[in-house]
Amino acid sequence: MQGLAPRMLGRRIERVELRQPRVLVGEVGRAADFTVAAVRRQGKHILIDLRRGRRTAHLAVHLGMTGQLVLDGEPGRHTHALFLFDDGLRLLYNDIRQFGRLEFCERLPQRFQRLGPDPFHLSEEEFARRFRSRRSMAKALLLDQSFVSGLGNIYADESLFRAGIHPRAIAARLRRARAGGLHRAIVEVLQESILHGGSSISDFVSSDGHRGRFQLLHRVYRRTGQPCAVCGVPIRRILVASRGTHFCPRCQKAG
DNA sequence: ATCTATTCCTGGCTGC
DNA sequence: TGCAGCCAGGAATAGA
256 MQGLAPRMLG RRIERVELRQ PRVLVGEVGR AADFTVAAVR RQGKHILIDL
306 RRGRRTAHLA VHLGMTGQLV LDGEPGRHTH ALFLFDDGLR LLYNDIRQFG
356 RLEFCERLPQ RFQRLGPDPF HLSEEEFARR FRSRRSMAKA LLLDQSFVSG
406 LGNIYADESL FRAGIHPRAI AARLRRARAG GLHRAIVEVL QESILHGGSS
456 ISDFVSSDGH RGRFQLLHRV YRRTGQPCAV CGVPIRRILV ASRGTHFCPR
506 CQKAG
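No gaps in the numbering here: position 132 of the first sequence is 387 in the numbering used here, and each next residue is one more.
This is the structure:
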């Protein structure tokens with residue numbers, strides 16, 4: 256997103272080419288003739304605010320697992336939309352598994368109002384209060400976008416590991432200090448991954464498939480059977496909220 | 001409120 | 001070497 260904004264801001268969309276209807280919502284072609292007024296993020300959604308005279312609209316993008324927004328790349332077999340700007344800049348939306356969505360809308364859909372707060376904009380106290388008011392499992396809560404927005408499977412597992420909290424721990428049963436520690440772990444993990452380029456969309460240009468440095472930071476995610484970096488006990492994998500969940504059975508406690 | 005299962009889809013992996 | 005079968009996963013949805 257940070258890579259997208261400087262180049263797209265103020266540019267007018269001259270032409271739109273659409274390939275795979277499945278990932279497209281609304282009449283994406285109507286984005287033509289609009290100018291990019293802002294590029295921002297809400298949870299896992301990237302919002303491209305558009306303006307044409309007094310009219311406003313949005314391109315709302317959710318990358319899902321394998322979606323990519325690519326500037327000036329070559330369109331391939333997984334390119335579903337192509338935006339050509341007035342200065343020759345080209346924006347591609349690629350998505351291999353088509354779990355992502357690219358939507359054109361005049362007003363943001365309801366689901367945006369249901370998005371919970373960004374972890375960065377929550378105080379530790381507020382997070383702990385919200386967290387301890389819920390009776391669901393810690394991992395499920397972190398994945399619930401109406402509780403906090405922006406966390407996916409990787410960062411949920413990594414945050415719980417750093418906080419030493421078992422993914423199946425009941426949120427309401429954790430002591431306040433532990434809930435606060437979880438908020439610190441979340442912010443730490445997110446900041447660290449951003450620092451290592453994990454969230455910079457323009458870095459995804461490499462066609463060699465999502466191999467960012469952030470993978471080197473993972474201490475539990477997809478490390479099943481490998482020794483815990485802290486205590487050496489093998490990392491375990493279980494299902495929580497129908498999601499593959501990785502944790503250290505010694506370092507992460509339910510209490 | 002909160003749980004599970006299901007659906008979408010493709011590439012990567014396993015095993016024969 | 002080829003190919004079938006299985007699996008992951010974000011979020012919406014249905015049903016408990």
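C-beta: ideal position from N, C-alpha, C; glycine also. Source: prediction; values computed, not measured.
- Out of ALA393, THR311, ALA426, GLN297, the CA that lies nearest to the CA of ALA287 is found in THR311.
- When DSSP reads this structure, ALA293 sits in a beta bridge with ASP304.
- In the DSSP assignment, ALA411 falls within the unbroken alpha helix (DSSP H) covering 408-418.
- Rounded to the nearest whole angstrom, the CA to CA distance from LEU396 to ASP342 is 44 angstroms.
- Counting C-beta atoms within 10 angstroms of its own C-beta, CYS506 has 16 or more neighbours from the protein chains shown and is therefore classed as buried.
- If the five residues before and after GLU358 are omitted, its C-beta is found closer than 6 angstroms to the C-beta atoms of VAL280, GLY281, ALA315, all from its own chain and listed in chain order.
- The beta carbon of ARG270 is closer than 7 angstroms to those of ALA287, LEU339 in its chain, skipping five residues each way along the sequence.
- Boundaries of the alpha helix (DSSP H) around ALA434: 431-450.
- Take HIS300, set aside five residues on each side of it, and the residues of its chain with a beta-carbon closer than 6 angstroms to its own are ALA315, HIS317, in chain order.
- One thing to note: ARG474 has its Cβ within 8 angstroms of the Cβ of PHE416.
- Taking one beta carbon from each stretch, the stretch 323-336 and the stretch 262-276 have 3 or more pairs nearer than 8 angstroms; the two touch.
- In its chain, beyond the 5 residues on either side, PHE359 have a beta carbon closer than 6 angstroms to the beta carbon of ARG285.
- If you check the CB distance, ARG352 and GLY319 come in under 8 angstroms.
- If you draw a straight line from the Cα of ILE303 to the Cα of VAL283, it comes to about 12 angstroms.
- Judged by their CB atoms, THR290 and ARG309 are not nearer to each other than the 8 angstroms cut-off.
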